[in-house]
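Asker: Have a look at the structure that comes next, please.
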Amino acid sequence: MKKIFIYLALPCIVFGCDVLDTIPTDRISSEVFWKTDKDAEYASNAIYRFLEDHGTLLSRDEMSDIARATFETSDETKIEASIADPQTNLFQNTWNDLYKGIRRCNDYMANVDKITSENESKVNTYTAEVRTLRCYFYSRLVAYFGDLPLITTPIGISESKELTRTPVSEIYDFIYKELTEAANDLPVKASETGRVTKGAALGILARTMLFAAGNVTGTDDQATLYYQRAKEAADAVIASGTYSLLPTYKELFTYENENNQEVIFDKQFMKDVYSNSVMNNFGAVSLGNNGSMMSPTAVLVDEYETTNGKKITEDSSYDPTNPYEGRDPRLSYTLYVPGDELPNGTIYDSRPGWSTTGDVIGASYQVSKTGLLPKKYINAEDIGQSNRTNCGINLIIMRYAEILLTAAEARIELNTETDLALQYINQVRQRPDVNMPVLSGITSQAALREVVRHERTVELALEGHRFFDIRRWKIAEDVCNMDQIEGMRYVDKETGKLVTVTTDYKKKFTSRDYLWPVPYNERQLNNNLTQNNGWN
Numbered sequence: 002m003k004k005i006f007i008y009l010a011l012p013c014i015v016f017g018c019d020v021l022d023t024i025p026t027d028r029i030s031s032e033v034f035w036k037t038d039k040d041a042e043y044a045s046n047a048i049y050r051f052l053e054d055h056g057t058l059l060s061r062d063e064m065s066d067i068a069r070a071t072f073e074t075s076d077e078t079k080i081e082a083s084i085a086d087p088q089t090n091l092f093q094n095t096w097n098d099l100y101k102g103i104r105r106c107n108d109y110m111a112n113v114d115k116i117t118s119e120n121e122s123k124v125n126t127y128t129a130e131v132r133t134l135r136c137y138f139y140s141r142l143v144a145y146f147g148d149l150p151l152i153t154t155p156i157g158i159s160e161s162k163e164l165t166r167t168p169v170s171e172i173y174d175f176i177y178k179e180l181t182e183a184a185n186d187l188p189v190k191a192s193e194t195g196r197v198t199k200g201a202a203l204g205i206l207a208r209t210m211l212f213a214a215g216n217v218t219g220t221d222d223q224a225t226l227y228y229q230r231a232k233e234a235a236d237a238v239i240a241s242g243t244y245s246l247l248p249t250y251k252e253l254f255t256y257e258n259e260n261n262q263e264v265i266f267d268k269q270f271m272k273d274v275y276s277n278s279v280m281n282n283f284g285a286v287s288l289g290n291n292g293s294m295m296s297p298t299a300v301l302v303d304e305y306e307t308t309n310g311k312k313i314t315e316d317s318s319y320d321p322t323n324p325y326e327g328r329d330p331r332l333s334y335t336l337y338v339p340g341d342e343l344p345n346g347t348i349y350d351s352r353p354g355w356s357t358t359g360d361v362i363g364a365s366y367q368v369s370k371t372g373l374l375p376k377k378y379i380n381a382e383d384i385g386q387s388n389r390t391n392c393g394i395n396l397i398i399m400r401y402a403e404i405l406l407t408a409a410e411a412r413i414e415l416n417t418e419t420d421l422a423l424q425y426i427n428q429v430r431q432r433p434d435v436n437m438p439v440l441s442g443i444t445s446q447a448a449l450r451e452v453v454r455h456e457r458t459v460e461l462a463l464e465g466h467r468f469f470d471i472r473r474w475k476i477a478e479d480v481c482n483m484d485q486i487e488g489m490r491y492v493d494k495e496t497g498k499l500v501t502v503t504t505d506y507k508k509k510f511t512s513r514d515y516l517w518p519v520p521y522n523e524r525q526l527n528n529n530l531t532q533n534n535g536w537n
């Protein structure tokens, strides 16, 4: 099924002949396109390519406390240090990429009614997919930039120069209405793997409403409304019975388990057809890669409990000279630490004095600056290719564990059904190959909030969530101001002493950094666009 979906998208994606790019609008509407349900299919296919790829989504966690950028000339480094400005490329590229997706959605919506088809339900499904994708793009934009132009129809250059920023509350209301309606026209199971489903629409709604609740600037009643909407959407996904946790967390991000029962929404890739660079961008240098653009930190490592379900600072069984032993199994499924076996059977070792491989800290500018590497999406199938960008592993955008934790968090914030919230958290902790101790007897809202935030951090680590979570929780100023970054811990070969890798790399986060700036070029083109507080 995966092949069918990607090959249907070939005319628009692989051969670069996206009809919306190459055929003038008047000809699309009257001469060659917008005639049959196949046209709706092809036009909707073309929009999926605007979903983030691995490099874009996963690297967001570099700009949090659980990782840092490896390459110190990157835009992520500037943002981490709070020295970026509105001309920083990453701001403009993010704005452009998401609005490109929205523009394609608007083109579709403006023309789809011209189609004459006996299969109206099929066209309605494609339209619901497009409405959902448009909401996804807007949910990302509003999380980065706050107020922004809400555009729902095709516009010309002159009109674009007159746009103003729509308040976030109106954008959230738009997303809620659109996704609620779109979900009614979407199937529980897609006809082709990778397409938007009812579960995906409801999942995006739950995630967006959770983010909205943490970022609302109005009354507490508004936050309560958003949490309630998040709960209802997450509950609908759970009640559908469509999804369940994959028993093996370790195998979530492998080729063998693509499109498994936990995946709610992912971006489809295929080697030699529509590929990605996840191995080259995140794999070990010793595997022939460019080096991981992300270096995980000790903050992430220390977040994982011992197998007794305790913090490492509270468990007498924790051995600091063997810091990665006896820990929540998700640590070993998420990170490469010294002594781990790489997918080709060789041993990863970044310790100075212990190894001479290309992975040793300081061996080159490309190696992890902390000695730790991400493990998710790194697979043997992608090693040794002459084309290092020819990876076919799908990118999971949303999975069922997130929905369980969203349902739990919304209940905790609403201070209702907290026993059920704890049950959902325990489901995630009790995945068979994780099997962390069951939590019980926790009743205070503050304690439950700490529990669910911990669980999100370790369960969804390095999947691009932490960047957004610390912003909606308003804790970024507390966790992302660091004068140095700590990495792996190991015993020095010569002295026998415990060493903690540190770098003088600094992270800085101020109140302005909760939102990115409106890009410089956008305000040059349209002086109606105001700037976010603290940015020039």
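Numbering (this note's numbering), first residue to last: 2 to 537. Cβ coordinates follow ideal geometry from the N, Cα and C atoms, glycine included. Here the structure is a predicted model, which means the values were calculated and not measured.
(1) Please report the Cβ distance between Gly-147 and Asn-533, rounded to the nearest whole angstrom; I am assuming they are in contact, meaning their Cβ atoms lie under 8 Å.
(2) Do you know offhand how far Ala-183's Cα is from Phe-175's?
(3) By Cβ distance, which residues of its chain are closer than 6 Å to Arg-541, with the 5 residues on each side in sequence left out?
(4) Residue ranges of each alpha helix (DSSP H) run of no fewer than 4 residues wholly in the stretch 141-171, ordered along the chain?
(5) Could you say which of Thr-37, Asp-54 and Arg-61 lies nearest to Arg-467 if we only look at CA atoms?
(6) So what does DSSP say about Arg-28, is it helix, strand or coil?
(7) Run through the stretch 316-395 for me and flag every whole alpha helix (DSSP H) of 4 or more residues, listed as ranges in chain order.
(8) Express the C-alpha separation of Asn-261 and Ser-45 in angstroms, rounding to a whole number.
(9) If you count every other CB in all the chains shown that lies within 10 Å of the CB of Thr-458, and 16 or more means buried, which is it?
(10) Here's the rule: buried if 16 or more other CB atoms are within 10 angstroms of the residue's CB, otherwise exposed. What is Asp-76?
(11) Does DSSP put Arg-400 in a helix, in a strand, or in coil?
(12) For Arg-432, which residues in the same chain have their Cβ closer than 6 Å to its Cβ, ignoring the five residues on either side in sequence?
(13) DSSP beta-bridge partners for Phe-270?
(14) Quick one: give me the first and last residue of the alpha helix (DSSP H) that Ser-45 is part of.
(15) Quick one: using the 10 Å Cβ neighbour count with 16 as the cut-off for buried, is Val-435 buried or exposed?
(16) Just to confirm the assignment: which complete alpha helix (DSSP H) runs, minimum length 4, are found wholly within the stretch 77-136?
(17) Please state the DSSP three-state secondary structure of Gly-204.
(18) Using the DSSP secondary-structure output, state which residues sit across from Tyr-515 in a beta bridge.
(19) Would you check if the distance between the CB atom of Thr-314 and the CB atom of Gly-327 is smaller than 8 Å?
(20) With 16 other CB atoms within 10 Å as the buried threshold, where does Thr-74 fall?
(21) Using a threshold of 8 Å, state whether the C-beta atoms of Ile-404 and Val-238 are closer than that.
(22) Hey, could you find the ends of the alpha helix (DSSP H) Leu-526 is sitting in?
(23) Relative to the C-alpha of Ile-205, which residue among Asp-221, Ser-159 and Asp-267 is closest?
(24) Quick one: using the 10 Å Cβ neighbour count with 16 as the cut-off for buried, is Tyr-366 buried or exposed?
(25) Thinking C-beta only, is Ser-296 closer than 8 Å to Gly-465?
(26) If you reduce the DSSP assignment to three classes, tell me which class Gln-532 lands in.
(27) Assess, as a yes-or-no matter, whether the stretch 282-298 is touched by the stretch 373-392 under the definition of 3 or more beta carbon pairs within less than 8 Å.
(28) Are the beta-carbon atoms of Thr-71 and Gly-292 separated by less than 8 Å?
(29) So the candidates are Asn-185, Arg-430, Thr-78 and His-455; which of them puts its Cα closest to the Cα of Ala-129?
(30) Taking one C-beta from the stretch 442-457 and one from the stretch 497-509 each time, how about it: are there three or more such pairs within less than 8 Å?
(31) Out of curiosity, what's the CA-to-CA distance linking Thr-181 and Asp-98?
(32) With distances taken from CA atoms, which of Gly-363, Pro-321, Leu-301 and Asn-323 is nearest Tyr-334?
(33) Go ahead and pull the three-state DSSP assignment for Asn-277.
(34) Rounded to whole angstroms, what is the Cα-Cα separation between Tyr-305 and Leu-336?
(35) Report, in whole angstroms, the separation of the C-beta atoms of Val-197 and Leu-187, which I expect to be a contact under 8 Å.
(36) In the DSSP assignment, find the alpha helix (DSSP H) that holds Ile-239 and state where it starts and stops.
Answerer: Taking the coordinates as given:
(1) Residue numbering aside, residue 147 sits at position 146 when the sequence shown is read from its first letter. Residue numbering aside, residue 533 sits at position 532 when the sequence shown is read from its first letter. Contact flag correct, Cβ pair sits at about 6 Å.
(2) In the sequence shown, counting from the first residue as 1, residue 183 sits at position 182. In the sequence shown, counting from the first residue as 1, residue 175 sits at position 174. Roughly 12 Å separates the two Cα atoms.
(3) There is no way to answer for residue 541, as the model of the chain reaches only from 2 to 537.
(4) 158-161
(5) Start at 1 with the first residue of the sequence shown, and residue 467 comes out as number 466. Of the listed residues, the one whose Cα sits closest to Arg-467 is Arg-61.
(6) The count along the sequence shown starts at 1 and reaches residue 28 at position 27. Summary for Arg-28: the model assigns pLDDT 43, below 50, so the residue's position carries little reliability, and this model does not support an answer.
(7) 331-335
(8) Within the sequence shown, the letter at position 44 stands for residue 45. Within the sequence shown, the letter at position 260 stands for residue 261. If you take the alpha carbons of Ser-45 and Asn-261, they lie about 24 Å apart.
(9) As a working note, residue 458 is residue 457 in the sequence shown. Buried, since its Cβ has 16 or more Cβ neighbours within 10 Å.
(10) As a working note, residue 76 is residue 75 in the sequence shown. Buried.
(11) Residue numbering aside, residue 400 sits at position 399 when the sequence shown is read from its first letter. In the three-state scheme derived from DSSP, where H, G and I count as helix and E and B as strand, Arg-400 is classed as strand.
(12) Position 431 of the sequence shown, counted from the start, is the residue given in the question as residue 432. Contacts found: Leu-246 and Tyr-250.
(13) Here residue 270 corresponds to residue number 269 of the sequence shown, with the count starting at 1. Answer is none; Phe-270 lacks a bridge partner.
(14) Counting from 1 along the sequence shown, the entry for residue 45 is found at position 44. Its alpha helix (DSSP H) spans residues 38-49.
(15) Working through the sequence shown from its first residue, we reach residue 435 at position 434. Buried, by the Cβ-count rule.
(16) Runs of the alpha helix (DSSP H) lying entirely within the stretch 77-136, each at least 4 residues long, are 90-112 in chain order.
(17) Position 203 of the sequence shown, counting from 1, holds the residue named residue 204. Shown here, Gly-204 sits in a helix according to DSSP, grouped into three states.
(18) As a position in the sequence shown, residue 515 is number 514, starting the count at 1. Bridge partners of Tyr-515: none, in fact.
(19) Within the sequence shown, residue 314 is the residue found at index 313, counting from 1. Within the sequence shown, residue 327 is the residue found at index 326, counting from 1. Contact: no.
(20) Position 73 of the sequence shown, counting from 1, holds the residue named residue 74. Exposed, since its Cβ has fewer than 16 Cβ neighbours within 10 Å.
(21) Counted from its first residue, the sequence shown places residue 404 at position 403. Counted from its first residue, the sequence shown places residue 238 at position 237. Yes, the pair counts as a contact, with Cβ atoms nearer than the cut-off.
(22) Reading the sequence shown from its first residue, position 525 is the one you call residue 526. 521-526 is the span of the alpha helix (DSSP H), which, as asked, contains Leu-526.
(23) Residue 205 sits at position 204 when you count from the first residue of the sequence shown. Residue Asp-267 is the option with its Cα nearest to Ile-205.
(24) As a working note, residue 366 is residue 365 in the sequence shown. By the neighbour-count rule (16 or more Cβ atoms within 10 Å), Tyr-366 is not buried but exposed.
(25) Your numbering for residue 465 matches position 464 in the sequence shown. Your numbering for residue 296 matches position 295 in the sequence shown. The answer is no: Cβ separation not under 8 Å.
(26) On the sequence shown, position 531 is the one that residue 532 refers to. Gln-532: coil per DSSP, three-state reduction.
(27) yes
(28) Counting from 1 along the sequence shown, the entry for residue 71 is found at position 70. Counting from 1 along the sequence shown, the entry for residue 292 is found at position 291. For Thr-71 and Gly-292, yes; Cβs fall inside 8 Å.
(29) As a first step, residue 129 is located in the sequence shown; it is residue number 128 there, counting from the start. Checking every option, the nearest Cα to that of Ala-129 belongs to Asn-185.
(30) no
(31) Taking the sequence shown and counting its residues from 1, one reaches residue 181 at position 180. Taking the sequence shown and counting its residues from 1, one reaches residue 98 at position 97. Approximately 25 Å, taken between the alpha carbons.
(32) Stepping through the sequence shown from its first residue, residue 334 is reached at position 333. The shortest Cα separation from Tyr-334 among Gly-363, Pro-321, Leu-301 and Asn-323 belongs to Leu-301.
(33) Residue 277 sits at position 276 when you count from the first residue of the sequence shown. Three-state result, Asn-277: strand.
(34) Stepping through the sequence shown from its first residue, residue 305 is reached at position 304. Stepping through the sequence shown from its first residue, residue 336 is reached at position 335. Spanning the two alpha carbons is a distance of roughly 11 Å.
(35) The residue labelled residue 197 in the question sits at position 196 within the sequence shown. The residue labelled residue 187 in the question sits at position 186 within the sequence shown. Their Cβ separation, rounded to whole angstroms, is 6 Å, which keeps Val-197 and Leu-187 in contact under 8 Å.
(36) Locating residue 239 in the sequence shown gives position 238, where the first residue counts as 1. Segment 221-241, the alpha helix (DSSP H) holding Ile-239.
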